[in-house]
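Heads up: the sequence shown runs through residues 657 to 947, numbered per the working numbering. Think of the CB as a built atom: it goes at the ideal place given N, C-alpha and C, for glycine as much as any other residue. One structure below.
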Amino acid sequence: MNAGTMKKRWELTSQQKLMIFILSMSLYGISNMITELLPELKIGPIELKVEYFIFIPLLFAILFNPLYAALGACVGEIIFGELLLGQFGGLGELEKFIEFSLAIFIAGMLVTNPSNKRQLAIAAYVAIGIDQLLGTIVDIGKVTFGIEEFEAVPGLPESILAIEGFAFLNAMVISGTLFALLPTLYLVPRLYGKVEPLLGMKPRDGRATTSIGDFVTPRLLILGILLFVAAGTAEFMAESDINFIDWESDFIAGMGNGAIWISMGVATVIFITTILWALNRKSNKRKGEAA
Numbered sequence: 657m658n659a660g661t662m663k664k665r666w667e668l669t670s671q672q673k674l675m676i677f678i679l680s681m682s683l684y685g686i687s688n689m690i691t692e693l694l695p696e697l698k699i700g701p702i703e704l705k706v707e708y709f710i711f712i713p714l715l716f717a718i719l720f721n722p723l724y725a726a727l728g729a730c731v732g733e734i735i736f737g738e739l740l741l742g743q744f745g746g747l748g749e750l751e752k753f754i755e756f757s758l759a760i761f762i763a764g765m766l767v768t769n770p771s772n773k774r775q776l777a778i779a780a781y782v783a784i785g786i787d788q789l790l791g792t793i794v795d796i797g798k799v800t801f802g803i804e805e806f807e808a809v810p811g812l813p814e815s816i817l818a819i820e821g822f823a824f825l826n827a828m829v830i831s832g833t834l835f836a837l838l839p840t841l842y843l844v845p846r847l848y849g850k851v852e853p854l855l856g857m858k859p860r861d862g863r864a865t866t867s868i869g870d871f872v873t874p875r876l877l878i879l880g881i882l883l884f885v886a887a888g889t890a891e892f893m894a895e896s897d898i899n900f901i902d903w904e905s906d907f908i909a910g911m912g913n914g915a916i917w918i919s920m921g922v923a924t925v926i927f928i929t930t931i932l933w934a935l936n937r938k939s940n941k942r943k944g945e946a947a
């Protein structure tokens with residue numbers, strides 16, 4: 657394909673990238689606090705709970721920028737879901753950071769047309785599928801290598817493969833459908849082309865058209881494998897008590913739900929402030945163009 661037939665790649669300024677990062681960080685932080693307050697429901701071996709609202713960073717990845725949306729959500733989970741709640745798992749957090757950011761980034765890159773519901777459906781299941789699958793592999797590895805003891809679940813075969821496989825399918829069916837597929841299919845077409853101008857951005861329709869084959873390159877596969885190995889190694893070290901910066905505050909933990917509300921309040925203030933900053937920036941730009 658020559659330069660004359662290829663679309664110009666859709667690009668963002670450094671300020672817009674920062675805006676996406678902060679919005680994804682704060683909004684996903686708010687959603688994490690909501691999940692902390694929601695109750696869990698157990699029906700025999702089936703555990704029904706909202707693990708995360710994965711559609712939130714996925715929306716930012718599809719509508720704006722996959723990389724900064726993924727990194728922002730991961731940082732938001734650490735700040736609002738860990739540090740402001742008086743805890744930090746050290747190396748153990750690196751596993752979740754890498755796996756979740758890879759999942760959101762890859763899913764966001766797969767969508768070349770936000771109006772295409774087939775692409776949106778694939779991205780939704782890919783996002784939660786990658787995150788859950790990588791975590792499942794690490795969990796199986798910890799038991800296989802004797803780093804963690806096997807805990808049988810009543811009502812399921814006493815096999816780590818069966819238990820982890822059931823948990824994976826459960827997450828894909830419940831969380832994948834209710835908190836990834838349906839919100840993504842509903843919200844993206846309604847927000848696409850409408851929310852971007854409010855933040856002073858152009859929709860992603862100017863992005864260069866690529867196939868999945870162009871995206872899934874050997875370089876991406878090798879980088880993904882290396883990052884996954886690093887994530888698994890960090891989790892293995894954390895479970896083996898070889899951990900760094902493992903921190904917990906008894907004072908904040910003693911606040912109970914109060915700490916959750918404080919964390920949610922901080923995330924909300926950051927989110928609203930960023931929105932106001934974006935709107936003010938857009939208004940000033942219009943005034944400058946009018947002058």
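* Taking 8 Å as the cut-off, decide whether the C-beta atoms of L766 and A779 are in contact. => Taking 8 Å as the Cβ cut-off, L766 and A779 qualify as a contacting pair.
* Helix, strand or coil: how does DSSP classify L668 here? -> Looking at L668 - three-state DSSP - the assignment turns out to be coil, as it is neither helix nor strand.
* So, using beta-carbon positions, are G685 and F736 closer together than 8 Å? -> A distance below 8 Å separates the beta carbons of G685 and F736.
* Beta-ladder partner(s) of F835, from DSSP -> None; F835 has no bridge partner.
* **Reference L855; option with closest CA among V922, V925 and W933** => The shortest CA-to-CA distance from L855 to any of V922, V925 and W933 is the one to W933.
* Asked: How many angstroms separate the CA atom of L674 from the CA atom of Y724?
  -> Their Cα atoms are separated by approximately 8 Å.
* Asked: In the DSSP assignment, what residue or residues form a beta bridge with G745?
  -> Paired residues: D902.
* Skipping 5 residues on each side, what residues in its chain have a beta carbon closer than 6 Å to that of L825? -> If we look at L825 and ignore the five residues flanking it on each side, it has no Cβ neighbours.
* Asked: Can you tell which of L758, L883, L715 and L740 has its C-alpha closest to the C-alpha of S771?
  -> The shortest C-alpha separation from S771 is found at L715.
* Quick one: is T930 buried, meaning 16 or more other Cβ sit within 10 Å of its Cβ, or exposed? -> T930 should be labelled buried.
* **Assigned secondary structure, L697 (DSSP; H/G/I helix, E/B strand, else coil)** => Here L697 sits in strand by DSSP.
* Asked: Once you ignore the five residues that flank L740 on each side, which residues in its own chain have a CB closer than 8 Å to its CB?
  -> Hits under 8 Å: I908, A915, I918, S919 and V922.
* Asked: Of the residues P722, G745 and G912, which one's Cα is nearest the Cα of G764?
  -> Of the candidates P722, G745 and G912, the one whose C-alpha sits nearest the C-alpha of G764 is P722.
* Could you spell out where the alpha helix (DSSP H) holding T768 opens and where it closes? => Neither: T768 is in no alpha helix (DSSP H) and is coded neither H nor E.
* Asked: To the nearest angstrom, how far is it from the Cα of S831 to the Cα of S896?
  -> Rounded to the nearest whole angstrom, the C-alpha separation of S831 and S896 is 30 Å.
* Below 8 Å between beta carbons: does that hold for L623 and V706? -> As displayed, the chain neither begins before 657 nor continues past 947, which places residue 623 out of reach and without an answer.
* Mind checking S680: buried by the 16 CB within 10 Å criterion, or exposed? -> Counting every other CB atom within 10 Å of its CB across the protein chains shown gives S680 a total of 16 or more, marking it as buried.
* Straight-line CA distance for K850 to V799? -> The alpha-carbon atoms of K850 and V799 are separated by roughly 48 Å.
* Assuming E751 contacts A890 under a Cβ cut-off of 8 Å, what Cβ separation, rounded to an integer in Å, is found between them? -> At roughly 5 Å, the Cβ-Cβ gap stays under 8 Å, so E751 and A890 are in contact.
* Asked: Secondary structure at I735, three-state DSSP: helix, strand or coil?
  -> Residue state, collapsed to three classes: helix.
* Asked: Where do the N-terminal and C-terminal ends of the alpha helix (DSSP H) with K798 fall, by residue?
  -> For K798, the enclosing alpha helix (DSSP H) starts and ends at K773 to T800.
* Asked: Leaving out five residues before and five after A783 in sequence, what residues of the same chain have Cβ atoms less than 7 Å from its Cβ?
  -> The beta carbon of A783 sits closer than 7 Å to those of I710, L714, A759, I760, A763 and A836, all from its chain and outside the five residues before and after it, given in chain order.
* The alpha helix (DSSP H) with I712 in it runs from where to where? -> Segment F711 to L719, the alpha helix (DSSP H) holding I712.
* Whose C-beta lies closer than 8 Å to the C-beta of I676 among residues of the same chain, with five residues either side of it excluded? -> For I676, where only same-chain residues beyond five positions count, the Cβ hits under 8 Å are L668, F716, F720, N721, Y724, A725 and G728.
* **With 16 other Cβ atoms within 10 Å as the buried cut-off, status of I819** => That one is buried.
* Under 8 Å, do P859 and E852 count as touching if we go by C-beta distance? -> Yes.
* Cβ-based burial, E904 [other Cβ within 10 Å; buried from 16] -> Exposed is the call here.
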